[in-house]
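Notes follow the structure.
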Amino acid sequence: MPTAIPGLHHVTAIASDPQRNYEFYTEALGLRLVKRSVNQDDVSVYHLFYADHEGTPGTSMTFFPYTDARDGLVGAGQASAVSFLVPDGSLDYWRERLADAGAEPEEPRERFGDTVLPFTDPDGLPLELVARADAPPANLPESPIPHAHAIRGFFGVTLSLTGADPTGDLLKEMGYCQTDRDGTRKRYTADGDLGFVVDIVEDPEVRRGVPGAGTVHHVAFQVAEDEQEDWRQFLIDRGLRPTEIIDRKWFKSVYAREYGTVLFEYATKSPGYTADEELEALGDRLVLPEWLEDRREEIEDGLPELSP
166 MPTAIPGLHH VTAIASDPQR NYEFYTEALG LRLVKRSVNQ DDVSVYHLFY ADHEGTPGTS
226 MTFFPYTDAR DGLVGAGQAS AVSFLVPDGS LDYWRERLAD AGAEPEEPRE RFGDTVLPFT
286 DPDGLPLELV ARADAPPANL PESPIPHAHA IRGFFGVTLS LTGADPTGDL LKEMGYCQTD
346 RDGTRKRYTA DGDLGFVVDI VEDPEVRRGV PGAGTVHHVA FQVAEDEQED WRQFLIDRGL
406 RPTEIIDRKW FKSVYAREYG TVLFEYATKS PGYTADEELE ALGDRLVLPE WLEDRREEIE
466 DGLPELSP
């Protein structure tokens with residue numbers, strides 16, 4: 166067996182307006198645009214990466230903003246919420262800030278001993294802030310958010326499934342332990358400091374999710390580069406159908422739909438976002454992997470305007 170997974174690497178979702186997406190995640194949430202590139206499978210669409218100052222694995226929320234995207238429907242077979250970790254005592258600040266940003270924060274609620282603040286992004290993507298006293302220090306970007314309240318990275322994701330057990334068993338084999346249960350919600354926890362929680366909410370009657378703006382495209386987990394082939398074989402041995410190892414320039418990836426059809430990615434921690442840009446210049450320009458560089462003019466002409 167390869168080494169147990171410590172937590173999330175990144176989460177990728179679908180958006181609509183790239184400018185609105187950029188302004189919300191950098192100005193309202195205070196994350197840094199650490200990579201401005203394109204969807205390597207559809208170069209007419211940006212791929213925007215937001216994270217801490219250096220794009221540490223476990224902090225990176227990424228988007229494919231399709232300007233003509235229809236609204237999606239969050240439901241079975243998807244990650245139904247993405248949770249960020251903030252320091253204890255921060256939620257009053259965040260409720261006011263999110264309300265001012267039009268993010269429609271709900272009343273805070275308790276879940277497994279944590280205080281959780283649900284809200285949505287401009288496309289309706291369900292997000293949460295989870296306040297904890299053990300939130301780790303972070304390499305925080307320059308932003309309008311005071312460091313005492315700033316997002317540290319991911320807390321985790323919630324998966325919406327019609328049946329929880331096969332996916333729960335897969336998570337256990339990946340290195341997660343079931344640590345809590347409350348009705349239809351089961352919690353699985355890894356040993357990392359960020360992105361270490363996966364909740365499964367089981368509902369046999371829930372509607373099937375429909376991809377579109379405001380939905381998660383895939384959930385990526387951290388793996389070591391020298392173990393990626395082992396993870397691919399791990400998935401094959403469990404009857405899943407992983408892709409080949411795909412070079413994404415800043416990490417290498419294997420994708421597979423787990424038993425509930427959520428798209429999982431197994432992404433390497435290296436080489437990271439500084440592979441093609443200096444740390445202080447991350448996100449300043451459109452960067453392309455070298456195999457797309459000879460199409461730069463065509464790609465730039467086909468992209469919508471974006472003014473960071």
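The sequence shown runs 166 to 473 under my numbering.
For glycine and all other residues, C-beta sits at the position ideal for the given N, C-alpha and C.
From a predicted model like this one, the values you see are computed outputs, not experimental measurements.
- Put simply, the backbone Cα of L282 is about 16 Å away from that of D364.
- Of the residues assessed, R201 falls on the buried side of the cut-off, its CB having 16 or more other CB atoms within 10 angstroms.
- Within the same chain, and ignoring the five residues on either side of G289 in sequence, the residues whose Cβ sits closer than 6 Å to its Cβ are G379.
- Of the residues V362, V366 and R260, the one whose Cα lies closest to the Cα of H314 is R260.
- Contact annotation: F189 and S248 have beta-carbon atoms that are not nearer than 9 Å.
- If you draw a 10 Å sphere on the C-beta of H312, you find fewer than 16 other C-beta atoms in it, and that means exposed.
- For A315, there is no enclosing alpha helix (DSSP H), since its DSSP letter is neither H nor E.
- The Cβ atoms of V384 and E338 do not sit closer than 9 Å to each other.
- P301 places its beta carbon less than 9 Å from that of D358.
- In the DSSP annotation of this structure, the continuous segment of the alpha helix (DSSP H) that includes K337 starts and ends at D330 to M339.
- Using a Cβ distance threshold of 9 Å, L305 and D217 count as a contacting pair.
- Setting aside the 5 residues that flank it on each side, V371 is surrounded in the same chain by G240, A241, S325 and T327, each with a C-beta closer than 7 Å to its C-beta; the list follows chain order.
- Look at F361 here: in three-state DSSP terms it is coil, with no helix or strand label.
- Fewer than three beta-carbon pairs drawn from the segment 346 to 356 and the segment 393 to 402 are found closer than 8 Å, and the two stretches are therefore not classed as touching.
- Pairing L263 with P270 gives a Cβ-Cβ distance under 9 Å.
- Just so you know, the alpha carbons of E192 and S418 end up roughly 30 Å apart.
- A residue is called buried when at least 16 other Cβ atoms come within 10 angstroms of its Cβ; E367 meets this threshold and is buried.
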